[in-house]
Every structure is written in structure tokens, then in C-alpha cells.
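J.:
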Amino acid sequence: GQYPQFRFAILIGGFLPRDDVYAEIVKGGRPKCRSLHVMGLTDELVPPSRSIELMECFEVSEVFEHPGRHGVPCNAEFRNKLKSFLAEDCGQLQS
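Reading the sequence shown from the start, the letters are residues 703 to 797 in our numbering.
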């Protein structure tokens, strides 16, 4: 399968599909867009190992780990990481 030409992807608590057929499509597609994978180190719904498995499917990936569980971190460190990641594709962002 072909992926649309996205410039980037941000995946928070992301994981490969459990269905082997769809998981193989993702693995075989090797998305070329930059990706940011956000994972909670104590996430029990999507353990970091599952997010890493998805991250490895992308050709260009970055990771942001936070000490929390399954959710979007809201601290300054994450906001700064997100701004710098987006700035690479979208130009300078306002504070």
C-alpha cells in the first residue's frame, strides 16, 4: 500500500496494529516522513516496547519519553520538543 505524502507524523502512545495483515502493511510501507513518537514510561495500555516497534517502521524518527502513563504530557519540556519538531517543517513558531 502507498502512504499519502505527509511531511511529518506525531504519534502519542502509538503502536502497530494487532492484526498481522495490517501490521505487515505498515512495516512494509516504511513511511519516509519524519516522525515524533511520544511514550509514557509507565504506560500500561501501550507499553513503550510497542511504541518502539512502531517507531522502527519509520525511516526518520525521534522519540520523546515522559515518566507518565498513557496520555499527552503537558510540561514545558514536551511543549519545547513539539515546537522544535514542528519548526523544522513549518518554520519558526510563535511562543
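From the three backbone atoms N, C-alpha and C, an ideal C-beta is built for every residue, glycine too.
Model, not experiment: these values are computed from the prediction.
Measuring CB to CB, does residue 768 end up less than 8 Å from residue 753?
T.: Numbered from its first residue, the sequence shown carries residue 768 at position 66. Numbered from its first residue, the sequence shown carries residue 753 at position 51. In this structure, residue 753 does not lie closer than 8 Å to residue 768 by Cβ.
J.: Can residue 735 and residue 709 be called in contact, C-beta distance under 8 Å?
T.: Walking along the sequence shown from the start, residue 735 turns up at place 33. Walking along the sequence shown from the start, residue 709 turns up at place 7. Yes, the pair counts as a contact, with Cβ atoms nearer than the cut-off.
J.: Taking the alpha helix (DSSP H) that residue 765 belongs to, which residues open and close that run?
T.: To locate residue 765, count along the sequence shown from 1; it is residue 63. Note, residue 765: premise wrong, no alpha helix (DSSP H); beta strand (DSSP E) at 762 to 768.
J.: Would you kindly work out how many angstroms separate the C-alpha atoms of residue 761 and residue 783, rounded to a whole number?
T.: Against the sequence shown, residue 761 aligns to sequence position 59. Against the sequence shown, residue 783 aligns to sequence position 81. Approximately 19 Å between the Cα atoms of the pair.
J.: With a CB to CB cut of under 6 Å and the five nearest residues on each side skipped, what residues in its chain are close to residue 719?
T.: In the sequence shown, residue 719 corresponds to position 17, counting from 1. So the list reads 725, once near-sequence residues are dropped.
J.: Considering Cα atoms alone, identify which of 728, 792, 731 and 741 is closest to residue 713.
T.: Translated into the one-based positions of the sequence shown, residue 713 becomes position 11. Among 728, 792, 731 and 741, the Cα nearest to that of residue 713 is on 741.
J.: For residue 716, name the three-state secondary structure that DSSP assigns.
T.: Residue mapping note: residue 716 aligns to position 14 of the sequence shown, counting from 1. Coil at residue 716, not helix or strand.
J.: With C-beta atoms as the reference, is residue 756 less than 8 Å away from residue 716?
T.: Locating residue 756 in the sequence shown gives position 54, counting from the first residue. Locating residue 716 in the sequence shown gives position 14, counting from the first residue. Cβ distance < 8 Å, so residue 756 and residue 716 count as in contact.
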